[in-house]
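In full-length UniProt numbering, the protein residues as written are 1 to 166.
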Ligand SMILES: Nc1ncnc2c1ncn2[C@@H]1O[C@H](COP(=O)(O)OP(=O)(O)O)[C@@H](O)[C@H]1O
Ligand SMILES: O=C(O)[C@H](O)[C@@H](O)[C@H](O)[C@H](O)COP(=O)(O)O
């Protein structure tokens, strides 16, 4: 069914740490009158501690997390915006396996802008250190299965660009 004719929209806002998934995802959820879900809330305490200690997650750290996210998306009967890194194609495919009709949007920005944003956010107490940005960028598999939106400009304008792109 064409995207515009479905009542229940499920959109995954993907990207590396600091790309703006939460910020833009919240704005988009507002525009769509959708629920907003943050995949960080589904990481185990061990996974959060690992990242906070500067160690990148590995495939096996993401298996249960992706399954829980896919099940949670599938169970929702309201439109939903999920902020989820979904860095590898196989991770996105796992989410697609568990929930039909997902649309993926990849947020990007220049590396130095990402680093500055992560550092600024870390000063406010966020657990994710900027030292993990390089591994996030190495892990990211950008593919034609995602709509790419550059996250530069006021968040409400970026969210409006996402909306017209999906
Ligand atoms: N378009 C934007 N303009 C200015 N700052 C932004 C923008 N998007 C995100 N940020 C800031 O960058 C930081 C990282 O954004 P966040 O949404 O937490 O990213 P993610 O969820 O992808 O890790 C936050 O401090 C946020 O306020
Ligand atoms: O798969 C991963 O390695 C994580 O999901 C990671 O990509 C994510 O960035 C962290 O959970 C921090 O959260 P933020 O994306 O909000 O920085």
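Think of the CB as a built atom: it goes at the ideal place given N, C-alpha and C, for glycine as much as any other residue.
Shortest Cα-Cα distance from residue 81 to any of 50, 165, 37, 92 involves 37. In the DSSP assignment, residue 14 falls outside any alpha helix (DSSP H) and lies within the beta strand (DSSP E) extending over 10 to 14. Taken through DSSP and simplified to helix, strand or coil, residue 98 comes out as helix. One thing to note: residue 105 has its Cβ within 8 Å of the Cβ of residue 146.
When the Cα atoms are used, residue 49 and residue 97 turn out to be separated by approximately 28 Å. The continuous beta strand (DSSP E) containing residue 38 extends over residues 35 to 38.
Cβ neighbours of residue 136 within its own chain (closer than 6 Å, five residues either side excluded): 16, 17. Taking a 10 Å sphere around the C-beta of residue 8, we find fewer than 16 other C-beta atoms and assign the residue as exposed.
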